[in-house]
Structure formats: C-alpha cells, structure tokens
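*Asks:* Under this note's numbering, think of the first position of the sequence shown as 1, with each following residue one higher. All C-beta atoms, glycine included, are put in the ideal place defined by N, C-alpha and C.
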Amino acid sequence: MRRLGHHRQHGKQGGGGGGLLAKLSIAVLFLLICSLSLLSAPFTPDTNGSTAPSQMNVEDLWKSANSGGWKPSSAPRSEWPPPPKETNGYLRVRCNGGLNQQRSAICNAVLAARIMNATLVLPELDANSFWHDDSGFHGLYDVEHFIQSLRFDVQIVERIPEIHKNGKTKKIKAFQLRPPRDAPISWYTTDALKKMKEHGAIYLSPFSHRLAEEIDNPEYQRLRCRVNYHALRFKPHIMKLSESIVDKLRAQGHFMAIHLRFEMDMLSFAGCFDIFTPAEQKILKKYRKENFADKTLIYKERRAIGKCPLTPEEVGLILRAMGFNNSTRIYLAAGELFGGERFMTPFRALFPRLENHSSVDASEELATNSQGLTGSAVDYMVCLLADIFMPTYDGPSNFANNLLGHRLYYGFRTNIRPDRKGLAPVFIARENRRTAGFEEAVRHVMLKTNFGGPHKRISPESFYTNSWPECFCQMETQNPAHKCPSENVMQNLHSQLVTENINREQHNRSDSTVSLAER
Numbered sequence: 001m002r003r004l005g006h007h008r009q010h011g012k013q014g015g016g017g018g019g020l021l022a023k024l025s026i027a028v029l030f031l032l033i034c035s036l037s038l039l040s041a042p043f044t045p046d047t048n049g050s051t052a053p054s055q056m057n058v059e060d061l062w063k064s065a066n067s068g069g070w071k072p073s074s075a076p077r078s079e080w081p082p083p084p085k086e087t088n089g090y091l092r093v094r095c096n097g098g099l100n101q102q103r104s105a106i107c108n109a110v111l112a113a114r115i116m117n118a119t120l121v122l123p124e125l126d127a128n129s130f131w132h133d134d135s136g137f138h139g140l141y142d143v144e145h146f147i148q149s150l151r152f153d154v155q156i157v158e159r160i161p162e163i164h165k166n167g168k169t170k171k172i173k174a175f176q177l178r179p180p181r182d183a184p185i186s187w188y189t190t191d192a193l194k195k196m197k198e199h200g201a202i203y204l205s206p207f208s209h210r211l212a213e214e215i216d217n218p219e220y221q222r223l224r225c226r227v228n229y230h231a232l233r234f235k236p237h238i239m240k241l242s243e244s245i246v247d248k249l250r251a252q253g254h255f256m257a258i259h260l261r262f263e264m265d266m267l268s269f270a271g272c273f274d275i276f277t278p279a280e281q282k283i284l285k286k287y288r289k290e291n292f293a294d295k296t297l298i299y300k301e302r303r304a305i306g307k308c309p310l311t312p313e314e315v316g317l318i319l320r321a322m323g324f325n326n327s328t329r330i331y332l333a334a335g336e337l338f339g340g341e342r343f344m345t346p347f348r349a350l351f352p353r354l355e356n357h358s359s360v361d362a363s364e365e366l367a368t369n370s371q372g373l374t375g376s377a378v379d380y381m382v383c384l385l386a387d388i389f390m391p392t393y394d395g396p397s398n399f400a401n402n403l404l405g406h407r408l409y410y411g412f413r414t415n416i417r418p419d420r421k422g423l424a425p426v427f428i429a430r431e432n433r434r435t436a437g438f439e440e441a442v443r444h445v446m447l448k449t450n451f452g453g454p455h456k457r458i459s460p461e462s463f464y465t466n467s468w469p470e471c472f473c474q475m476e477t478q479n480p481a482h483k484c485p486s487e488n489v490m491q492n493l494h495s496q497l498v499t500e501n502i503n504r505e506q507h508n509r510s511d512s513t514v515s516l517a518e519r
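1) Relative to the alpha-carbon of A183, which residue among Q155, I215, Q176, E158 has its alpha-carbon at the smallest distance?
2) Let me know the secondary structure DSSP gives P425 once reduced to three states.
3) With DSSP as the reference, label A22 as helix, strand or coil.
4) Under 8 angstroms: do the stretch 400–410 and the stretch 454–466 share three or more Cβ pairs, one atom per stretch?
5) DSSP state of H209, grouped into three classes?
6) Short check: CB of W468 to CB of H482, under 8 angstroms?
7) Starting from F269, trace the alpha helix (DSSP H) in both directions and tell me its first and last residue.
8) Any idea what DSSP makes of A41, helix, strand or coil?
9) Are R329 and L249 touching if we call contact CB-CB under 8 angstroms?
10) Measuring straight from C-alpha to C-alpha, what distance separates I106 and L223?
11) Enumerate, from N- to C-terminal direction, the unbroken alpha helix (DSSP H) stretches of 4 or more residues contained entirely within the stretch 220–297.
12) Taking all protein chains shown into account, decide if D247 is buried (16 or more other Cβ within 10 angstroms of its Cβ) or exposed.
13) Do the stretch 112–123 and the stretch 148–159 make contact, defined as three or more Cβ pairs closer than 8 angstroms?
14) What's the C-alpha gap between Y203 and H164?
15) Please state the DSSP three-state secondary structure of A441.
16) Between which residues of its own chain and A321 is the CB-CB distance below 6 angstroms, once the five residues before and five after are set aside?
17) Keeping to the same chain, check which residues put their C-beta closer than 7 angstroms to that of E162; ignore five residues upstream and five downstream.
18) Do R233 and A424 count as a contact pair if the criterion is CB distance below 8 angstroms?
19) Return yes when the Cβ of R92 is within less than 8 angstroms of the Cβ of A270, no when it is not.
20) Taking the straight line between their C-alpha atoms, what separation do you get for I245 and E313?
21) Within 10 angstroms of the Cβ of M521, are there 16 or more other Cβ atoms? Answer buried if so, exposed if not.
22) May I have the straight-line CA-CA distance separating L150 from A231, to the nearest angstrom?
23) Mind listing, in chain order, the continuous beta strand (DSSP E) runs of no fewer than 3 residues lying wholly within the stretch 149–198?
24) Measure the alpha-carbon distance for N492 versus P83 and round it to whole angstroms.
25) Does the CB of R222 have a neighbour CB from chain C at under 8 angstroms?
26) Report the CB separation of L260 from L337 in whole angstroms; it is logged as a contact under 8 angstroms.
27) Do you know offhand how far A118's Cα is from E290's?
28) What does a CB cutoff of less than 8 angstroms around V71 pick up in its chain, not counting 5 residues either side in sequence?
29) Helix or strand or just coil, what does DSSP make of Q102?
30) Can the beta-carbon of G97 be found less than 8 angstroms from the beta-carbon of S208?
31) Relative to the C-alpha of E263, which candidate in Y393, C225, K85 has its C-alpha closest?
32) Identify, in the order they occur along the chain, each residue of the same chain with its Cβ nearer than 6 angstroms to the Cβ of V445, setting aside the five sequence neighbours on each side.
33) Taking DSSP as the reference, what is the three-state secondary structure of N57?
34) Going by C-alpha distance, which of R94, T449, C95, S205 is nearest P179?
35) Please classify V498: is it buried, with 16 or more other beta-carbons within 10 angstroms of its beta-carbon, or exposed?
36) Whose CA, out of I283, Y287, C272, E79, lies closest to the CA of G306?
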C-alpha cells in the first residue's frame with residue numbers, strides 16, 4: 001500500500017510496586033472504565049487483527065501513483081503481420097449504448113475484424129436512446145487519425161464499396177447477425193466468418209459486450225489498448241474545448257473530477273428508492289419497470305451490501321474524512337442529478353468550489369450539447385486529465401470503468417474508488433446517530449483501496465478498467481513477457497507494411513500481364 005502514514009502506539013511501563021489493595025483498586029477502576037466504554041462505544045470497523053494505518057497524506061494523493069517500474073505499452077511484442085489486401089469480406093457493426101459503451105464496442109469491432117481477416121466498415125454509433133444524440137462517428141472522433149493509427153492492424157473503409165462489373169453497379173448487402181453476449185473468438189472464426197464468406201459482408205447488431213473480454217492472447221488485448229488509448233481521438237474542436245476547461249481549472253492549482261452517478265437511470269437500476277419522496281419513488285419505479293428486468297429489491301438489503309449509489313453528501317463526507325478541505329476545487333461530471341438541490345446542498349456546504357463544464361466554459365456549443373455525446377466527451381477528457389478522479393458508482397458504469405482504465409494507462413494517475421460495501425455499515429451507524437469515530441472508520445476502509453497503481457485484475461473488474469499487465473511493460477525485468485519492445489517496433493511494422501504493398505503491386509502487375517497474354 002502506498003502513501004500511508006504508519007503510526008505505532010507505544011505503552012508506558014509502570015514504575016514502582018504498590019500494595020495488593022492499591023493493585024485491586026486499579027483493577028476495579030479499569031473494569032469500570034471498560035464497562036462504561038462498552039455502553040457508549042463508537043462505531044469501529046472489524047480490523048481482523050490488522051494494524052492498518054489511520055492517516056492519509058492528501059498532498060501525496062495529488063501526485064500520480066507509484067508505477068513500480070511499469071510503463072504503458074500496447075505495441076506488438078511478437079510477430080504481427082500487416083493486414084492482407086484481400087480480406088474475407090466486410091464487417092459492419094452497430095455500437096449501441098452511451099459514449100463509453102460504444103467506445104468499448106469499437107475496440108471489440110477492430111479486434112473482431114483482425115480475428116476474421118475482415119475489412120472493417122467505420123463503426124456505426126447508435127442514435128443514443130437516452131441523450132437522443134445522432135452525432136455519429138464522424139461527429140465525435142477524428143476519422144483520419146483512427147484509420148491511419150490502425151493501418152498495421154486492420155483495413156478500414158468508411159462504407160462498403162460498390163462492385164462494378166460488366167458495366168453494371170452492384171451493392172453488397174450485409175447479412176445481419178446478432179452475436180451472443182460476450183461471444184468467444186470461436187464464434188467469430190466459425191459462425192460469423194461462414195456468413196461473411198457466403199454474403200461478402202455481415203452486419204452485427206447490436207454490438208455492445210459482444211466479444212469476450214478475457215482472451216488468452218496478449219497481442220489481441222494490446223490491440224484493444226491501441227484502439228482505446230491511441231486510435232480513438234475526439235475531434236479537434238472537442239479536444240480544444242476540453243483543454244481550455246482543464247487550463248482554466250488548473251490555473252488555480254490542483255483539481256479533482258468526480259463522476260457523481262446519482263441519476264435516474266442508475267438509481268432505478270440499483271433499486272434504491274427509500275430516501276426519496278413518494279412522487280420521486282413513483283418515477284424511479286416506473287423507469288425501472290420500463291427498462292430493467294422485474295426483480296424484488298429491498299432497500300435496506302441493497303444498502304447494507306453497498307449496492308446503492310453514494311449520495312452527494314456521502315461523497316463529501318468521505319473526502320472530508322480523507323483530509324480534503326473546503327478549498328478543494330471539484331469538477332462534477334454528471335447528468336441531471338435526481339432529487340434536485342436538496343441532495344446537493346449538504347455536499348456544497350462541505351465543498352463550495354464546485355464546477356461543471358457549463359460553469360467553466362459557457363460556450364454556445366456546450367450550452368446546446370451539454371446533455372449530449374459532445375458534453376459527455378468533454379467530461380471524459382476533463383476527468384482523464386484531472387489530478388484525481390473519483391467515481392461514485394463504478395460497478396455498471398461504463399463511463400467510470402473506461403476512465404479508470406485510461407487513467408491507469410495514462411500514467412497511473414490517482415483514482416479514489418470508494419468501497420461502498422465496506423463503507424455501508426459506517427454510514428448506517430452514522431444515520432443511527434453513532435457518529436463517534438466516524439471519520440476514523442471511513443479512513444480505515446479507504447486505506448485498503450487501490451489509488452491507481454498497478455494491480456492484478458480480478459473478476460468482476462473489466463479489462464477496460466484494468467489492462468495491466470498486458471498493456472504495460474518494464475525496461476528491467478527477468479520475465480520476457482513483460483519486457484518492453486524495442487524502440488524501433490513501429491519502424492519495423494511500417495517496413496512490413498511497405499513490403500506487403502510492394503508485393504501486392506507486383507502480384508497485380510503479374511496478373512495483368514497474364515491477362516493480356518491470354519487475350
């Protein structure tokens with residue numbers, strides 16, 4: 001564990017001996033004090049015999065985590081031939097969901113195209129059902145950069161070309177398939193590939209979570225990282241807008257970004273209704289019935305196991321217990337908070353210096369797109385570049401999960417990830433007016449969490465949340481699998497691609513010569 005202040009208690013040794021009566025009096029007094037202490041005991045966590053430290057150094061948290069000698073690297077480390085000119089057909093996909101669900105789907109689409117030796121058609125982004133935003137790939141990402149960055153991996157076209165033969169024009173109609181959720185590689189090399197060869201093109205829809213995350217092939221995983229952290233770059237105007245906001249925030253020192261996931265969809269998903277008014281509960285229950293599977297959820301049970309999103313006040317109490325004061329500048333990345341201002345008031349009382357993209361930059365573009373994919377893209381970049389990032393509900397949140405992975409790859413940047421299950425009894429005790437020892441109990445839970453350093457990925461943690469060790473390397477290591485590739489790896493890939501193109505041209509000229517001779 002890093003950044004922990006270890007404090008050891010030293011007891012004083014007694015002086016001279018007294019009589020038996022004096023010793024008995026001391027013993028009785030000791031027992032009486034212990035009895036009174038038990039009657040009014042503050043909440044204390046079960047430490048299981050641990051001697052975990054109780055102090056946190058806030059100044060250290062503003063720095064990046066200890067890398068342990070690891071550095072991000074997604075370049076190939078073994079034989080990685082360039083994509084052949086002649087592929088098995090075209091792959092179209094429709095990426096559904098929000099910005100970050102679509103982002104991971106794009107990574108999977110590139111990998112699927114590589115696996116099937118297919119030409120990838122620029123992925124389609126679903127007109128988001130929640131934001132009602134139809135920006136599309138061209139509206140969000142730098143298309144030219146995307147295609148150029150992946151030239152050593154897959155062939156990419158913006159649309160399926162028409163076939164011109166015997167003076168006629170023919171369109172290839174893609175055969176539609178619905179991939180299984182978390183489909184294994186074998187599905188793509190059998191079922192999907194068979195249909196591609198039959199029809200010339202396939203259309204996979206929907207394409208969210210349609211390729212298994214855990215794949216026993218480090219090179220495939222590194223391709224996902226190349227897509228996610230290098231090829232997928234937002235359009236220049238989005239990057240410029242994001243950098244402008246970060247510059248304004250950082251002009252006054254460090255700043256923290258918080259993804260405050262206290263929104264209608266997540267509260268409905270979690271089934272945490274009891275803290276809301278009857279009218280608000282009706283809205284949440286209606287949304288849940290329309291969007292999620294029917295399931296009996298009991299608030300007290302959900303709360304006790306950490307399944308409820310943290311309230312804004314709870315977020316503030318955690319930060320205060322960790323040692324952050326009311327001068328801390330906080331950027332809020334969030335949609336419309338459910339329940340209104342009454343939930344924000346206690347948070348704002350603890351941390352008054354709250355900002356969002358609209359308050360920092362009142363540009364017309366953000367004003368008209370603040371709740372759309374453009375606003376989400378700006379929030380993503382500001383959270384990526386923040387000194388500290390804190391997701392308040394990172395379980396099923398694609399936004400938080402992708403950011404945690406990106407910040408890890410970006411240089412082990414500090415993340416504060418509240419252990420909701422560990423904190424639940426602490427907050428429940430506080431609600432029952434057992435407030436003594438509250439901050440100590442919060443610190444005890446938080447000191448056990450990871451603050452952004454390299455750590456083993458354990459289910460249910462996603463590959464997109466933690467791509468260590470596949471997408472990281474070490475300069476000095478005895479393990480060849482972890483050794484950083486040579487500095488000229490990209491030059492070698494470029495040489496392979498040039499050689500491949502020369503061979504194709506020679507092959508095409510040879511075919512033309514044979515054809516003329518036959519005439």
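*Replies:* Put simply:
1) I215
2) helix
3) Model confidence at A22 stands at a pLDDT of 47, short of 50, so the residue's coordinates are unreliable; what they give is reported in the following sentence. Three-state DSSP puts A22 in a helix.
4) yes
5) coil
6) no
7) 264–270
8) Residue confidence is low: A41 scores 41 on pLDDT, short of 50, so the model does not pin down where it sits. Its coordinate-derived value is still stated next. Note: A41 maps to coil in three-state DSSP.
9) yes
10) 12 angstroms
11) 236–250, 264–270, 278–291
12) exposed
13) yes
14) 22 angstroms
15) helix
16) E439, V442, R443
17) T169, K170, K171
18) no
19) no
20) 25 angstroms
21) Outside the displayed range of the chain (1 to 519) lies residue 521, so it cannot be described from this structure.
22) 7 angstroms
23) 155–157, 163–165, 168–170, 175–177
24) 14 angstroms
25) Among the chains in the structure shown there is no chain C, since it carries only a single protein chain.
26) 7 angstroms
27) 38 angstroms
28) According to the sequence displayed, residue 71 carries Lys and not Val. Cβ neighbours of K71 beyond the five flanking positions: F472, C473, Q474, M475, C484.
29) helix
30) yes
31) Y393
32) D419, G422, L423
33) coil
34) S205
35) exposed
36) C272
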